[in-house]
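First up is the structure itself, then whatever we jot down about it.
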Amino acid sequence: MSETVIRSMTSEDLDAVTAIEAETFAIPWSRESFRQELERNVAARYLVAEKEGRVIGYAGAWIILDESHITNIAITASERGKGIGRKLTEALLQLLSNLGAAYATLEVRESNLRAQGLYRSLGFIRVGRRKRYYEDNQEDAFLMVCDHMPDADPDFEDERTVRE
0 MSETVIRSMT SEDLDAVTAI EAETFAIPWS RESFRQELER NVAARYLVAE KEGRVIGYAG
60 AWIILDESHI TNIAITASER GKGIGRKLTE ALLQLLSNLG AAYATLEVRE SNLRAQGLYR
120 SLGFIRVGRR KRYYEDNQED AFLMVCDHMP DADPDFEDER TVRE
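0 is the number of the first residue of the sequence shown in numbering that gives the first Met the number 0; add one for each residue after it.
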């Protein structure tokens, strides 16, 4: 049985994170964008999933007062379908709740049925459509919201070990 550690993202993770970003998204964020998020955006929170010392996924969000918005969730191709995305998203929602978020929003491609299923299973509902949201192909995005955040957990730590 292998173990996956979920922890806060650091600047040492940027090369791995930008590689995952590039293999996942048609218009990926740059290394500099992630660096700015970590170093300058006080609203940003990012987690990584690490297995055998290698970053295999990440998730991020912005939180302002009681509002949070999930910006990115991505898992390296070889690790998809193993529950890592679920564990990262659950950990991110717990972190956001602990920081005072009453709800979380996100956008997801209309064609990304797998992600939509994951988000629905975590309590997200579709509340809108953003027409031609994605620049690469003008695909619509669904706006989803989760207003059933986990209860704040005083024992929650950013770092946790998940056994597969």
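Beta carbons are placed, not taken as given, at the ideal position from N, Cα and C, and that holds for glycine.
Counting along the chain, the unbroken alpha helix (DSSP H) around V16 starts and ends at 13-23. Using a C-beta cut-off of 8 Å, the segment 27-42 makes no contact with the segment 113-121, since fewer than three inter-stretch Cβ pairs fall below that distance.
When only Cα atoms are considered, T17 and I74 end up about 11 Å apart. For T70, there is no enclosing alpha helix (DSSP H); the enclosing beta strand (DSSP E) has its first and last residue at 66-74.
For P27, the CB contacts under 6 Å within the same chain, skipping 5 residues up- and downstream, are E20, A21 in chain order.
Counting C-beta pairs closer than 8 Å gives three or more between the segment 94-110 and the segment 141-151, which meets the contact rule. Exposure of E11 is indicated by the presence of fewer than 16 other C-beta atoms within 10 angstroms of its C-beta.
In summary, G84 is buried, with 16 or more beta-carbon neighbours lying within 10 Å of its beta-carbon over all protein chains present.
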